[in-house]
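In short: position in the sequence shown from 1, add 358, done, that's the numbering used here.
Just so you know, even glycine gets a beta-carbon here, dropped at the ideal spot from N, CA and C.
Values in this document were obtained by computation on a predicted structure and should not be read as measured data.
I have placed the structure first, in the form of structure tokens, so that the comments after it can refer back to it.
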Amino acid sequence: MMRILLGLSCVVLCAASGCATTLSTYQTADVTDFKQVEIEGATGFYANIGPVWGLASEGFTQGKAAWDAYNDGDPETNYEFDEESAQKLFTSAIALAVFMPGQNYQLGLRTGVIPDKMDVGFRWSMNAVRLDTKYQFLHVPFGRADTDQVYRKGSFDMAVGLAGSRYLFDNPALKPLEFLHLDDFSRWDVEVPLYASVDFGQILKLYTSPKYVYSHTTLDENLVNYSQLATLTTGYDLALPEVVHSHFVGSTVGAMVGYRWVWLALELTGGYTFCRPYVFGRYRDLGGPTFYPSAGIIVRAP
Numbered sequence: 359m360m361r362i363l364l365g366l367s368c369v370v371l372c373a374a375s376g377c378a379t380t381l382s383t384y385q386t387a388d389v390t391d392f393k394q395v396e397i398e399g400a401t402g403f404y405a406n407i408g409p410v411w412g413l414a415s416e417g418f419t420q421g422k423a424a425w426d427a428y429n430d431g432d433p434e435t436n437y438e439f440d441e442e443s444a445q446k447l448f449t450s451a452i453a454l455a456v457f458m459p460g461q462n463y464q465l466g467l468r469t470g471v472i473p474d475k476m477d478v479g480f481r482w483s484m485n486a487v488r489l490d491t492k493y494q495f496l497h498v499p500f501g502r503a504d505t506d507q508v509y510r511k512g513s514f515d516m517a518v519g520l521a522g523s524r525y526l527f528d529n530p531a532l533k534p535l536e537f538l539h540l541d542d543f544s545r546w547d548v549e550v551p552l553y554a555s556v557d558f559g560q561i562l563k564l565y566t567s568p569k570y571v572y573s574h575t576t577l578d579e580n581l582v583n584y585s586q587l588a589t590l591t592t593g594y595d596l597a598l599p600e601v602v603h604s605h606f607v608g609s610t611v612g613a614m615v616g617y618r619w620v621w622l623a624l625e626l627t628g629g630y631t632f633c634r635p636y637v638f639g640r641y642r643d644l645g646g647p648t649f650y651p652s653a654g655i656i657v658r659a660p
């Protein structure tokens with residue numbers, strides 16, 4: 359029963375993780391004009407470096423210890439794979455499954471709701487839907503104010519936003535669990551970004567967006583109950599948490615190049631993911647340095 363639960367739990371943790379999380383911004387602090395529609399299409403790659411580094415470093419440590427013991431030839435210094443080393447490797451493996459690196463795609467729509475002050479947006483990605491709003495509280499124009507030539511004008515802008523995402527657990531790994539009634543998972547994200555940008559005549563836009571993202575993932579109640587039953591039956595602590603909390607703190611830097619209605623955007627999001635759930639008998643650090651480079655196209659209907 360323990361092997362079945364361990365295998366099942368790893369599948370569930372991988373499937374319920376949401377796989378590649380979308381951390382992109384694709385917004386400047388300047389809001390979309392009232393009744394104007396903005397369309398975005400983009401792709402990016404999610405990478406949590408912590409689990410990869412953990413597996414590589416611990417694997418190197420154990421490999422070196424085994425090689426040194428082999429070369430020494432002394433029976434008293436035989437290599438032993440101790441429990442703590444096994445737990446470190448197991449934690450890194452779980453973290454790699456939960457925060458699986460991978461590519462993601464997204465499509466988004468934005469429109470202004472309060473002229474020069476607020477806009478709203480909807481974004482669909484491969485594993486989530488997202489609603490957000492942005493309020494612009496600072497606009498400082500510069501350049502030529504006495505001309506109608508847009509490329510001679512510029513501005514510095516700042517805004518604050520709020521977003522909510524719901525993840526879509528349409529994962530092939532979860533299909534067999536439907537027959538066991540173990541497919542009831544949910545994940546919600548709440549994001550609070552701050553935007554700052556410089557617009558050089560609607561030709562070049564440079565922007566940054568520090569952000570905080572809170573993730574709330576609920577595991578299937580039946581699976582949690584089975585893990586508790588397995589703990590009582592086997593004597594091993596196989597308990598799974600009912601809820602997994604994670605926090606991302608970081609920032610996006612990006613650039614848009616184009617003119618008026620069409621821009622090519624390149625950006626990089628970097629930060630740190632904090633996640634320390636109680637899994638299989640101990641608290642495990644599953645987070646680490648996290649990066650999301652991406653590229654996209656933004657089109658505004660004139």
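Beta-carbon proximity of residue i to residue j, cut-off 8 Å
i	j	result
LEU581	ALA613	no
TYR650	PHE457	no
TYR572	GLY519	no
THR469	GLN394	yes
ASP477	THR390	yes
ASP578	GLY639	no
TYR570	PRO599	no
LEU622	ARG634	no
Environment of residue i [buried if 16+ CB atoms lie within 10 Å]
i	result
THR379	buried
THR592	exposed
GLN461	exposed
GLU396	buried
TRP619	exposed
MET360	In this prediction, MET360 has a pLDDT of 46, which is less than 50 and means its spatial position is unreliable; nothing more can be read from the coordinates.
PHE543	buried
ASP490	buried
TYR584	buried
ARG642	buried
PHE606	buried
ALA659	exposed
Whole-Å CB distance - residue i paired with residue j, under 8 Å assumed
i	j	result
GLN494	ALA387	6 Å
THR631	SER604	6 Å
GLU549	ALA521	4 Å
VAL601	HIS574	7 Å
GLY608	GLY629	2 Å
Residues near residue i by beta carbon distance below 6 Å, same chain, minus five either side
i	result
PHE558	GLY512
VAL556	PHE514, LEU564
THR610	THR383, SER567, GLU625, THR627
VAL657	ILE397, VAL620
Nonlocal neighbours in the same chain, by C-beta distance under 7 Å from residue i, ignoring five residues either side
i	result
TRP482	GLN464, LEU465
LYS475	VAL389, TYR493, GLN494
ARG524	ALA486, VAL487, TRP546
GLY399	LEU465, GLY654, ILE655
Same chain, Cβ closer than 8 Å to residue i, five either side skipped, listed in chain order
i	result
LEU526	ASN485, ALA486, VAL487
VAL306	Look at the range of the chain in this structure, 359 to 660, and you will see that residue 306 is not part of it.
Heavy atom of the ligand COA within 7 Å of residue i beta-carbon
i	result
TYR584	For the structure depicted, the ligand COA is absent and the ligand set is empty, with no information on it obtainable.
#### Entry: Continuous beta strand (DSSP E) assignments of at least 3 residues falling wholly in the segment 469-526
Runs of the beta strand (DSSP E) inside the segment 469-526: 476-483, 486-501, 511-525.
### Query
What runs of the alpha helix (DSSP H), each 4 residues or longer, lie entirely inside the segment 566-591?
Those alpha helix (DSSP H) runs which fall completely within the segment 566-591 and span 4+ residues do not exist here.
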